[in-house]
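Trainee:
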Amino acid sequence: MPIDPSVAIGADLGSRTFSWTESDVLLYHLGIGAGSRAGDNLSASALRYTLDDAALQVLPSFGVVAPTFHETDPPPLDLPGCDINLAQVVHGSQAISVSGPLPTAGTATVRTTLTDVWDKGKAAVIWQEGVATAGPDGTGEELWRVRSSIFVKGEGGWGGDRGNATPVVVPARDADHVSSYAVTPQQALLYRLCGDRNPLHADPGFAKAAGFPAPILHGLCSYGIVLRELTDGLLGGDATQVGGFTGRFAGVVFPGETIRVAGWREGDAIIASASIAGGERDGSPVLADCVLSLA
1 MPIDPSVAIG ADLGSRTFSW TESDVLLYHL GIGAGSRAGD NLSASALRYT LDDAALQVLP
61 SFGVVAPTFH ETDPPPLDLP GCDINLAQVV HGSQAISVSG PLPTAGTATV RTTLTDVWDK
121 GKAAVIWQEG VATAGPDGTG EELWRVRSSI FVKGEGGWGG DRGNATPVVV PARDADHVSS
181 YAVTPQQALL YRLCGDRNPL HADPGFAKAA GFPAPILHGL CSYGIVLREL TDGLLGGDAT
241 QVGGFTGRFA GVVFPGETIR VAGWREGDAI IASASIAGGE RDGSPVLADC VLSLA
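Put into structure tokens, the structure is as follows:
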């Protein structure tokens, strides 16, 4: 059987020690569009993402990419109990929760566990969770937790648990915030320097062979863009107010397109959605089931 839940669920995927610098944080923020609007170079709020001074802050989504930020090769998809074809895998969802404002530089250790496998009939959903703690030995304070899923086409049907994901309902009223971000032609080429060199996002020939007319934007780049737009639009650009962010990848973005972000304040959270604005794909979903939890 390609997927054996009895082996997969609970498997320890090991630990990784990594370090990051202010330069890494600045590059990540630039990769998700910080500083790209007219006047951002003169805006104290915008410069909190792009200037390495005492006011520099870290958008929590940086924690998702920090462990592999300096990698130049795609990580191997070697999961215990899961004999799967990488070509059938897409990123399903991503979440991060932080214990407090992330440091602008540091060293941490992340330990990752395979937490669940869902049988969706014609596909499988595999969940992982990673816990990052300060220091090189994994004994420091917890900094953040990440939870992600991958969707594996053609690997369901063994009669396993179908899972219990509950869609996030968008409020039936006008959004409290709506903004648009124009994805630049070089956005994916810049973001790939943040540790994701998958040729699908840079090589036109590879993208065509994968069934796309052109390279697509990294899903995690869209994820970061949406979080930044919500933070800027509803939290005054103060990343320290973000306690967590979760979203489900619902569609692709091509460099040159525009992402429309809508957010609704709901208690101690912001419900959000993201879609393509304008062009032939106007209204096509980008991120769904988005929740920004307040710190």
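Note that UniProt numbering has the sequence shown beginning at 1, numbered continuously upward. For glycine and all other residues, C-beta sits at the position ideal for the given N, C-alpha and C.
Taking just the CA atoms, how far does L227 sit from A46?
Mentor: 14 Å
Trainee: How should H70 be labelled, buried or exposed, when 16 other C-beta atoms within 10 angstroms of its C-beta is the threshold for buried?
Mentor: exposed
Trainee: So what's L77 in DSSP terms, helix, strand or just coil?
Mentor: Here L77 sits in coil by DSSP.
Trainee: Can you check whether the C-beta of V64 is within less than 7 Å of a C-beta belonging to chain D?
Mentor: The displayed structure is made up of one protein chain only, and chain D is not part of it.
Trainee: Assign V25 to buried or exposed, taking buried as 16 or more other Cβ atoms, counted over all protein chains shown, within 10 Å of its Cβ.
Mentor: buried
Trainee: Taking all protein chains shown into account, do 16 or more other C-beta atoms lie within 10 angstroms of the C-beta of P213, making it buried, or fewer, making it exposed?
Mentor: Counting Cβ neighbours within 10 Å, P213 comes out exposed, since fewer than 16 surround it.
Trainee: Looking only at its own chain, which residues have a Cβ that is under 7 Å from the Cβ of P74, when we skip the five neighbours before and after it?
Mentor: R197, N198
Trainee: With the cut-off set at 7 Å, would you say A274 and V286 are in Cβ contact?
Mentor: Using a Cβ distance threshold of 7 Å, A274 and V286 count as a contacting pair.
Trainee: Looking only at its own chain, which residues have a Cβ that is under 7 Å from the Cβ of F206, when we skip the five neighbours before and after it?
Mentor: P199, L200
Trainee: Taking the beta carbon of G130 as the centre, do at least 16 other beta carbons fall within 10 Å, making it buried, or is it exposed?
Mentor: buried
Trainee: Rounded to whole angstroms, what's the CA-CA distance from residue 298 to Q128? Just pull it up for me.
Mentor: Nothing about residue 298 can be read from this structure; the chain reaches only from 1 to 295.
Trainee: Under 7 Å, do G195 and T68 count as touching if we go by C-beta distance?
Mentor: yes
Trainee: Please list the segments of the alpha helix (DSSP H) lying wholly inside the UniProt domain "MaoC-like" (171–271), counting only runs of 4 or more residues, in order along the chain.
Mentor: With a minimum length of 4 residues, the continuous alpha helix (DSSP H) runs that stay inside the UniProt domain "MaoC-like" (171–271) are 187–191, 204–209, 219–234.
Trainee: For H91, does the three-state DSSP call read helix, strand or coil?
Mentor: strand
Trainee: Below 8 Å on the Cβ atoms is my guess for residue 296 versus A108; work out the distance and round it to an integer in Å.
Mentor: Residue 296 lies beyond the stretch modelled for the chain, which goes from 1 to 295, so this question has no answer here.
Trainee: Restricting to Cα atoms, I'd like to know which of V261, S293, P215 is closest to F245.
Mentor: S293
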